[in-house]
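Asks: I'd like to ask some things about the structure below.
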Amino acid sequence: MDTNEKENKLDMVEEVVVKDASVDTTDKKAMPYKQSNTFAAKKTVAQGMMDVALITANANQLRYLIEYQRQSSTFYLIMSLIIISLLLQVAVGVSLVFKGRYDIKGQSKSIQARKINNYVVIGVFMITIINVFIAAFSVSVPTTLPATTANYRQQ
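Residue numbering for the sequence shown follows the numbering used here, starting at 23 and increasing by one per position.
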């Protein structure tokens, strides 16, 4: 085989390699991590929104309690439960910030991150139970009839 034939064969091989662009060269191992990473980011955003909603609801309950239910027999119980719930929510939020520092590529490789995660789970469970008690012991103010209806019934 002379050099011209060798060069022709090499040119043909290069053409085949260059023309075949349908070969997938992406790293398949990196794809699931990227997909799970976007899921984790969306989950974190949703959890943050839920936390903000719960803090807002508890603050609103505290305001309502102070304004309208000072004479209620459960005033101090509900007030203390709401305050404990708010404090626990702040503690869980701060713990999540520290947990995020120990997470490496979405996986908790540190013993400290696992401990903080356990504390967060316990905190969220306690917040849920406390808010159930807040809802159970909240006293709704009975609605009064308008003056015109009350006067009409008396006649």
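Just so it is clear, CB atoms sit at the ideal spot from N, CA and C, and this is done for glycine as well. Predicted model only: the values in this text are computed from it and were never measured.
(1) Should V114 be labelled buried (16 or more other beta-carbon atoms within 10 Å of its own) or exposed?
(2) Figure out for me which residue from N140, K64, V146 has the closest Cα to the Cα of I106.
(3) What is the rounded straight-line gap between the Cα of N82 and the Cα of V161?
(4) Going by Cα to Cα distance, which pick from Y90, L84, Q111 is closest to M72?
(5) Go ahead and pull the three-state DSSP assignment for V116.
(6) If we count Cβ pairs, one from each stretch, closer than 8 Å, do we get three or more for the region 116 to 125 versus the region 86 to 93?
(7) Assign R92 to one of three DSSP states: helix, strand, or coil.
(8) Check each candidate in F155, I149, A158, F159 and name the one with the smallest Cα separation from I77.
(9) Please classify L103 as buried or exposed, where buried requires at least 16 other C-beta atoms within 10 Å of its C-beta.
(10) With C-beta atoms as the reference, is L108 less than 9 Å away from L84?
Replies: Judging by the given coordinates:
(1) Around the CB of V114, 16 or more other CB atoms lie within 10 Å, so the residue is classed as buried.
(2) V146
(3) 15 Å
(4) Q111
(5) V116: helix per DSSP, three-state reduction.
(6) no
(7) coil
(8) When only C-alpha atoms are compared, the closest one is I149.
(9) Around the beta carbon of L103, 16 or more other beta carbons lie within 10 angstroms, which makes this residue buried.
(10) yes
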